Amino acid sequence: MQRALGLIHEADRFCVEVSLIIRDYLEQRFDLHAPDRTTEEFLFKLQSAAPGQRAQATAGRLPRRCDMVKFPKGEPPEQELRELHEAASRLVGERSRA
Numbered sequence: 030m031q032r033a034l035g036l037i038h039e040a041d042r043f044c045v046e047v048s049l050i051i052r053d054y055l056e057q058r059f060d061l062h063a064p065d066r067t068t069e070e071f072l073f074k075l076q077s078a079a080p081g082q083r084a085q086a087t088a089g090r091l092p093r094r095c096d097m098v099k100f101p102k103g104e105p106p107e108q109e110l111r112e113l114h115e116a117a118s119r120l121v122g123e124r125s126r127a
């Protein structure tokens with residue numbers, strides 16, 4: 030996550046990095062293999078692999094927020110990117126301790 034923070038002034042690259050970190054983490058955590066799936070396909074597979082898990086709600090929001098920057102090429106304020114980084118760090122850190 031620290032590497033992503035270094036890209037915070039480049040919203041697109043930052044969101045690509047955060048999205049990859051979240052995806053890699055969730056693939057390992059829930060034994061998924063979906064590297065070529067869209068965000069929606071990936072989240073559907075996550076829901077099937079981990080029904081009722083609290084991670085689903087957070088996991089669903091974060092990649093979608095990243096997609097909003099990556100695809101329409103939005104330029105969110107730095108504070109919004111920092112909040113995204115904090116939420117992703119909590120997800121990865123929280124689940125690593127579980």
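Under this note's numbering, the first residue of the sequence shown is numbered 30, with each subsequent residue one higher. Idealized CB from N, CA, C, for every residue including glycine. Only a predicted model underlies this, so the values are computations on that prediction, with no experimental measurement involved.
Reference residue i; option with closest CA among the options
{"i": "PRO101", "options": "GLN31, GLY35, ASP41, ARG32", "result": "ASP41"}
{"i": "MET30", "options": "VAL45, HIS62, ILE50, PRO105", "result": "ILE50"}
{"i": "ALA78", "options": "ASP96, SER118, PHE59, GLU115", "result": "PHE59"}
For residue i, three-class secondary structure by DSSP
{"i": "LEU55", "result": "helix"}
{"i": "GLU66", "result": "Checking the sequence shown, residue 66 turns out to be Arg, not Glu. Coil."}
{"i": "PRO92", "result": "helix"}
{"i": "MET97", "result": "helix"}
{"i": "ASP60", "result": "coil"}
Bounding residues of the alpha helix (DSSP H) (the contiguous stretch that carries residue i)
{"i": "ALA36", "result": "Reading off the sequence shown, one finds Leu at residue 36, where the question assumed Ala. Segment: none, LEU36 is in no alpha helix (DSSP H) and carries neither H nor E."}
task: Decide yes or no for the touch test of the stretch 90 to 106 against the stretch 67 to 76: beta carbon pairs closer than 8 Å, at least 3 of them.
output: yes
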